[in-house]
Amino acid sequence: MVVRLSALTDRQLVRAIRIPRVALGVSIPREIAEKKSDSAWDRRSLVTMGVEMDLAKLIQRFRGPLIAMLASFGASPRDAVELAQDVFAEAYLSRERFTGDWQDVSATGGWLRGIARNLFRAHLRKSSRESTESHELRLVEPSEPTGSASDHSHVRLAIARLRRSWRVVLTMHYLEGSTLAEIAALLGVSARSVEGRLRRARAELKRLLEGESVQAEHEKGDAR
Amino acid sequence: MSHAEEQSHEWHQAREDENATAIAEALAHLRPDAEEFAEGVARRIERAGEKAAESTLHSASRQPAERSTWMRFGRRAAVFLPVWLLPKPLMKLLAVAAVPVAKKSAWYYVPGLVALPLVMVAISVVSFFYAVKQAVIQDAGEPDVDVTAGLDLLIRKYILYFFIALIPLLAFTGFRPLDGAVLGLLALLALFVGLVQISMRSSRRTRSDLGVGFALGLGMISTVCPVAILAENHWLGEFGARWIYFGFVLGAIICAVLARPFPKRGSLGGILLGFAVVSVVNSGKTMTRLTTREEVIEFVERGSDEKLELRPLSNGTYIAALDELAKGERSPDTSVLREQLAAGHREEGDTTSESVLIRELKEAGYFRGRDYEDLDGVMLARILETRIDWGYSGLREAVKALRKRELSEAERERFAQYILAGKPDGSSWRMVGGLLSAVAMLEQLGDHQPSERMAEAAREFVRLSWTGSLGDRKAGFDFDLPESGDVANRAARKTSSKHLYLPASTRALALMTHFGVPDEIDLEALEVFLWLKARHSIFDDVDSKQVQAYVALETLHRLPEWQPIAVERASVLGVLTRYRVLIAALLLILFCIVVTLRAPKAIAETEPAV
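Which chain is which? The protein sequence lines are A and B, in order. Residues in the first sequence are numbered consecutively from 528, following my numbering. Residues in the second sequence are numbered consecutively from 351, following my numbering.
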């Protein structure tokens, strides 16, 4: 049921917002609780208070880590981008069902994670219905780079050799410089845990890359 | 620090890493153009809007908001109440309703049903980690709200859902008590999580506050434990449940020590000491041990506190105890008992029931109080000339008469034939006394074996009174009998409520001693019941029920059909499932300790959220 917020009285508005939020453990912004008149209730203030969704900000905040997460599920780079767009569109279309605070990174991240999982499962089902050939193509396509793809192929290979949980966090962080809180919200773990994984991923990657360079020098020496 | 500042700070920090640039560039193939990406999202929304406009009125009336509310409810309820825990009638109802929707998915529950005990362990472990995550990792930066709102949260989010989900379970019988106990402990876990979240939201989340709260909570649960879990039926006694009590006490003490709520060391120590004393006293109910032969001897030597009611053999605790003790090496001193019996005898006179009791005592060589040599042969002559009534009183008179006169060989044979020709009707417990007396008389009259008719009646009777397993592997005998031979009644009885009675089990054991054990009887389950009944608190003396149970247990172990259970090393999974209540309780305690440890010693000043 869609209710025009401007048509509600103060009391109705506070109740309308309070009931679903308390049910989910989301606190009520003080501004709403202390609202005295209905003069300033435009959409912008509702967005500021997290009552309404700001799609652009949501995309800006979660685009990178979401694509990385979808890629970690096994989607090809192109599919990951497409699926991420689907996720944001679906989140927008079903925003009425979100009863949390849009400013709350943890709540919105969890919401997006749920949608992403569902869409990815649907994507997999759809893929399996298609021909085996195309499915196999999708499997060989993923982000595993070939040697001739770019100058950073050795970095990609090293990333691919990382433990999965480290690789996911590293990719989510470095793709668009997302914060630990955003990554944590999408993965459903604590920020401290993300920080730990990221640190270990960096160290391991450094070790792998250094090992490679030493080996390359040895090979050069041998060739001479 | 604002979001943008935080983002920038972390980004720059990351850039300091020498590989940061290389990593970022290596991932370029995943990075879309921001504008194109946003346009793609907009296109999808636009397309969905067009589709929605074309949708029918029917699809619009599906009320997605309401559906989602119910789905949310279902999901939350499912966290605490797995579907496979529902009792069979409700499962059938659900299965019928679900068949058109999901024929396939119904099969997914089959492994769940088979592996229910293990599933309960898994649920406990998963719930533990989930609870710790909810209680510890919750973002502390949320704005404060009043406690009323927190209470709303608690009721709505956890308790209400749990108990609403529990109603159908409680409405039907048949679920296992052990799994019910696990569910109860999960409810406590949910309650604790809710309380922690309330304290977080009202800025009372220091280690001291949480520790004191947990110590009080665990302490309260520990006081309820002996009464609620162990005192009456001992249905958890064999699954390590008595350690649950000590776990709660220890957990309360650890939480109190971690909290350090008292400025002076002495006051904390004093309170802990007081708590420990109360706990030790309270633990008497949980600490039990099996009755021993020495304790039965002490019981007999102590005599009765009340005036002894002289009852027939099959009911007499003292007689049963003396019979049992007569098989051992050491005989008890029965002077006190003899005196009490003689006093009771003087008061009430020579009743027939007394004479049966005293006969047995005399036979066992314990009673020398009254001289029964003055025999009256009139009664025996009368019985021998008339048809023997298979009711208990008729046989009782016959026993009395038998003891009063030496019988000739011909009279003995005639009397035995009267007994063997009797037609026992096995529809009441009265028959059991008669049957047992008849067997005793046949033994006295010579080497006469009970008739096949008697044996058949006895076995049928044992089968009818057998309760079958009532959960937790224990079973025994019930006084409430269906009509003899009425198959329909027997079937109905399987689903009706049944009760285990120790005297009924004692008599049934006596019958099985003479007439054999029917195939349906699970002696191991009967042993579990008797074993639980034969236990008593370490702080109390044995009473008559425990002596009865001890004698019954010894009788059971002497049955030719009894085979001692081979001691095998239990598998890891076996131990896990058997001790699932203990595991759930320990996880609850561990939760309290972990959350107390992870709580800050003092509240840090946090930047208020919007």
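Even for Gly, the Cβ is constructed at its ideal location relative to N, Cα and C. The structure displayed is predicted, hence computed values, not measured ones.
Contact set for residue i: own chain, Cβ-Cβ below 7 Å, skip 5 residues either direction
{"i": "N665(B)", "result": "Its pLDDT being 47, under 50, N665(B) is placed unreliably by the model, and the measurement read from it follows with that caveat. Within the same chain, N665(B) has close Cβ partners P853."}
{"i": "S894(B)", "result": "T667"}
{"i": "W912(B)", "result": "L873, L906"}
{"i": "L938(B)", "result": "L535, L538, L539"}
{"i": "L735(A)", "result": "A685, R688"}
{"i": "E870(B)", "result": "R813, W816"}
{"i": "H700(A)", "result": "I710, L725"}
{"i": "L859(B)", "result": "A902, T905, L906"}
8 Å Cβ cut-off: residues of chain B touching residue i
{"i": "E703(A)", "result": "R381"}
{"i": "A710(A)", "result": "Reading off the sequence shown, one finds Ile at residue 710(A), where the question assumed Ala. Within chain B, no residue comes near I710(A); the closest Cβ sits about 10 Å away, beyond 8 Å."}
Length of the line joining the Cα atoms of residue i and residue j
{"i": "G636(A)", "j": "A378(B)", "result": "23 Å"}
{"i": "E737(A)", "j": "N369(B)", "result": "11 Å"}
{"i": "T684(B)", "j": "V812(B)", "result": "34 Å"}
{"i": "V878(B)", "j": "G534(B)", "result": "24 Å"}
{"i": "L940(B)", "j": "G601(B)", "result": "8 Å"}
{"i": "R908(B)", "j": "L880(B)", "result": "14 Å"}
{"i": "A730(A)", "j": "E709(A)", "result": "22 Å"}
{"i": "M862(B)", "j": "L687(B)", "result": "30 Å"}
{"i": "F765(B)", "j": "E802(B)", "result": "18 Å"}
{"i": "E400(B)", "j": "R394(B)", "result": "10 Å"}
{"i": "H798(B)", "j": "E648(B)", "result": "37 Å"}
{"i": "L725(A)", "j": "R652(A)", "result": "32 Å"}
{"i": "E644(B)", "j": "I669(B)", "result": "16 Å"}
{"i": "Y595(B)", "j": "L923(B)", "result": "24 Å"}
{"i": "V599(B)", "j": "V471(B)", "result": "22 Å"}
{"i": "E651(B)", "j": "G678(B)", "result": "15 Å"}
{"i": "S720(A)", "j": "R640(A)", "result": "17 Å"}
{"i": "L876(B)", "j": "F829(B)", "result": "15 Å"}
{"i": "P868(B)", "j": "A808(B)", "result": "10 Å"}
C-beta atoms of residue i and residue j nearer than 8 Å
{"i": "V482(B)", "j": "I586(A)", "result": "no"}
{"i": "G711(A)", "j": "S705(A)", "result": "Contrary to the premise, residue 711(A) reads as Ala rather than Gly in this sequence. No, the Cβ-Cβ distance between A711(A) and S705(A) is not below 8 Å."}
{"i": "A643(A)", "j": "L702(A)", "result": "no"}
{"i": "V546(B)", "j": "L536(B)", "result": "no"}
{"i": "E904(B)", "j": "E674(B)", "result": "yes"}
{"i": "V892(B)", "j": "T641(B)", "result": "yes"}
{"i": "S477(B)", "j": "I933(B)", "result": "no"}
{"i": "L936(B)", "j": "G569(B)", "result": "no"}
{"i": "G818(B)", "j": "L850(B)", "result": "no"}
{"i": "A388(B)", "j": "L620(A)", "result": "no"}
{"i": "R694(A)", "j": "A376(B)", "result": "no"}
{"i": "A671(B)", "j": "V925(B)", "result": "no"}
{"i": "M580(A)", "j": "W638(A)", "result": "no"}
{"i": "R596(A)", "j": "L707(A)", "result": "Reading off the sequence, residue 596(A) comes out as Met, not Arg. Cβ distance not < 8 Å, so M596(A) and L707(A) don't count as in contact."}
{"i": "G796(B)", "j": "R762(B)", "result": "yes"}
{"i": "V789(B)", "j": "P800(B)", "result": "yes"}
{"i": "I769(B)", "j": "L786(B)", "result": "no"}
{"i": "V931(B)", "j": "V543(B)", "result": "no"}
Own chain, CB closer than 6 Å to residue i, minus 5 neighbours either side, in chain order
{"i": "I943(B)", "result": "I604"}
{"i": "R639(B)", "result": "I888"}
{"i": "S805(B)", "result": "Position check: residue 805(B) holds Ala in this sequence, whereas Ser was assumed. Result list for A805(B): F865, in chain order."}
{"i": "L697(A)", "result": "A728"}
{"i": "F615(A)", "result": "I586"}
Listed by chain order, chain B residues near residue i by CB distance under 7 Å
{"i": "K733(A)", "result": "N369"}
{"i": "H691(A)", "result": "Contrary to the premise, residue 691(A) reads as Arg rather than His in this sequence. Here the premise fails: no neighbours, minimum Cβ distance about 16 Å."}
{"i": "R726(A)", "result": "The premise fails here: R726(A) is roughly 10 Å from chain B at the closest Cβ pair, so nothing lies under 7 Å."}
{"i": "R590(A)", "result": "F387"}
{"i": "L651(A)", "result": "Residues of chain B passing the Cβ test: none, with the nearest at roughly 18 Å."}
{"i": "R683(A)", "result": "A376"}
Proximal residues of chain B, C-beta to C-beta of residue i below 9 Å
{"i": "H679(A)", "result": "A372, I373, E375, A376, L377, A378"}
{"i": "I686(A)", "result": "I373, A376, L377"}
{"i": "L714(A)", "result": "Within chain B, no residue comes near L714(A); the closest Cβ sits about 12 Å away, beyond 9 Å."}
Same chain, Cβ closer than 8 Å to residue i, neighbours up to 5 away in sequence not counted
{"i": "V562(B)", "result": "C605, A606, A609, P611"}
{"i": "A602(A)", "result": "L610, F647, H650, P669"}
{"i": "I571(B)", "result": "L538, F598"}
Q | Members of the stretch 918-950 of chain B that neighbour chain A once the beta carbon cut-off is set at 9 Å | A | For the stretch 918-950 of chain B, which is checked against every Cβ of chain A, not one residue is closer than 9 Å.
Q: Report the residues of the stretch 594-616 of chain A with a CB closer than 8 Å to any CB of chain B, ordered along the chain.
A: Taking 8 Å as the Cβ-Cβ cut-off, the stretch 594-616 of chain A approaches chain B at I594, A595, A598, P604, A607, V608, E609, A611, Q612, D613, F615, A616, given in chain order.
Q) What residues from the stretch 372-400 of chain B come within 7 Å of chain A, judged by C-beta to C-beta, listed N to C? A) If the cut-off is 7 Å between Cβ atoms, the stretch 372-400 of chain B has A372, I373, A374, E375, A376, L377, H379, L380, R381, P382, F387, A388, G390, V391, R394, I395, A398 near chain A.
Q | Members of the stretch 632-646 of chain A near chain B, C-beta cut-off 7 Å | A | Taken in chain order, the members of the stretch 632-646 of chain A whose beta-carbon sits within less than 7 Å of a beta-carbon on chain B are S633.
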